[in-house]
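2 protein chains.
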Amino acid sequence: MDTKTFILGLLMTNSMTGYDIKKTFSMSFSFFSGLSYGSIYPALKKMETDKAITMNIQVQENAPNKKVYTITDKGREIFIESLKKPVVEDKMRSSFLSKLFFFSEIGQVDRIVLAKQYQEIIDAKEEDLKAVNYAARKTGDAFQQINYEFGLRFFNDLSNNIQETIKKLEEIDNGSDQ
Amino acid sequence: MDTKTFILGLLMTNSMTGYDIKKTFSMSFSFFSGLSYGSIYPALKKMETDKAITMNIQVQENAPNKKVYTITDKGREIFIESLKKPVVEDKMRSSFLSKLFFFSEIGQVDRIVLAKQYQEIIDAKEEDLKAVNYAARKTGDAFQQINYEFGLRFFNDLSNNIQETIKKLEEIDNGSDQ
DNA sequence: ACCCGGCTATATCAAATTGATATATATCAT
DNA sequence: ATGATATATATCAATTTGATATAGCCGGGT
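Protein chains in written order, with this note's numbering: chain A, 1 to 178; chain B, 1001 to 1178.
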């Protein structure tokens, strides 16, 4: 799913600013997607030109003015069409797995340090996910709940997987060190 | 791990062409990383200028000439330093999970179709991984074996996770359809 | 014998994306 | 009063993707 479709999805239920969209991404979606301002603002501009969304400025006294974006009927149609398009492969880029592939090049101590760093990162992300869901559960969307439960199992499995990997790394003798 | 480090890692054990590197990525690493020609060739050029690698042309009669890249001592140092740098968060972009989040917007039939598409994609990737490992097992690198076993568990867990999700999707009544 | 698709091998390019940075104000804790 | 964090916009160099171009080889089907 591309940037524009994702943003339209968010606007289906609430009008939002670019800032709101970024915040939503860093919180709820960080485990399966991610967007930065450099892609959000251009996408909003493009979609406004294409009449998929409209913008109105909300003047604020003690903060910068907001540009609130609202989805149009045309935008809703585009979103539904995009949502029905076939699922494509996940794209994933794992710093740890890339390193693991070349672990014969470093010593055992460094290997264990890196593996434990990865475990900490994963455990922290799992906690983040739980915290966000606890705050957002009141929306009561059944599919977002299923999505959350998918995420929980995902991180739980991943954590076990790393533990298993660390065990294997500890078993390997310190023979080929430099 | 960035593009250049990854390429250096591959060159640690074998001299390779850009084409070889791309092939290795689409096969062995596709599940946790990925590179395209548009990033491989510029990276090779840059690293040659920086004396991290050297290039020599291998003339071929019945195929285009090869540009074979070999890592230098400086390149090896750079690689080891990069490898020891801290692990950073995985970046992942899941088409299916993004869609799932908005499943209230489409009917049950479409939802199940998309979920089953995802399951097929994951199962196919698992088979690919098994096939590649079967072909590559002879290198005998213990850490690449651990990496492979991580991948196997990863896909197995993911497949179960999707099955569980499909079950939940089937249980949800067709109430909110359009 | 002939054609088509796929493989080997290079390379480039528009478009998208990242990650950093800039600007400006407010609030809150130390 | 200083520094950190939050609100809110936006841009930019550098990187990356995904597609396309070029060009000859090989193997399978008809």
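C-beta atoms are modelled at their ideal positions from N, C-alpha and C, and glycine is treated no differently.
Asked                                                                                                     : Found
C-alpha distance - B/D1173 paired with A/A142, whole-angstrom precision                                   : 11 Å
Neighbour list for A/V68 in chain B, Cβ cutoff strictly below 9 Å                                         : What A/V68 touches in chain B: nothing, since even the nearest Cβ is about 21 Å away.
Nearest neighbour of A/F25, chosen from B/Y1037, B/S1039 and B/S1098 [CA to CA]                           : B/S1098
Cutoff 7 Å: B/V1088 Cβ touching any chain A Cβ                                                            : yes
B/N1014 versus B/T1070: straight-line alpha-carbon distance, rounded                                      : 8 Å
Distance between B/S1028 and B/L1044 (C-alpha atoms, nearest Å)                                           : 20 Å
Contact with chain B by A/D110, beta-carbon distance below 7 Å                                            : yes
Close Cβ partners of B/N1065 (< 8 Å) along its chain, the five nearest in sequence each way excluded      : I1057, Q1058 and V1059
Assigned exposure category for A/K4 - 16 Cβ within 10 Å defines buried                                    : buried
Bridge-paired residues (DSSP) for B/M1055                                                                 : B/Y1069
B/I1053 beta carbon less than 7 Å from that of B/G1038                                                    : no
Minimum Cβ-Cβ distance from B/D1177 to chain A less than 7 Å                                              : With a pLDDT of only 49 at B/D1177, under the threshold of 50, the placement of this residue in the model should not be trusted; the figure read from the coordinates follows. It does not: the Cβ of B/D1177 has no partner Cβ on chain A nearer than 7 Å.
Proximal residues, the segment 1095-1108 of chain B versus chain A, C-beta separation under 9 Å           : S1095, F1096, L1097, S1098, K1099, L1100, F1101, F1102, F1103, S1104, E1105 and I1106
Per-residue burial, B/V1087 [other beta carbons within 10 Å of its own, 16 or more giving buried]         : buried
Nearest-angstrom Cα separation, counted from A/D110 out to B/L1114                                        : 42 Å
Interface flag, B/M1092 vs chain A, CB-CB below 7 Å                                                       : yes
Of the listed residues B/N1161, B/Q1119, B/I1112 and B/Y1148, nearest to A/R153 (C-alpha basis)           : B/N1161
Chain B contact residues for A/E170, given Cβ-Cβ distances below 7 Å                                      : Under the 7 Å cutoff, chain B gives no residues; its nearest Cβ is about 11 Å from A/E170.
Residues within the segment 1015-1048 of chain B neighbouring chain A, beta-carbon criterion of under 9 Å : S1028, F1029, S1030, F1031, F1032, S1033 and G1034
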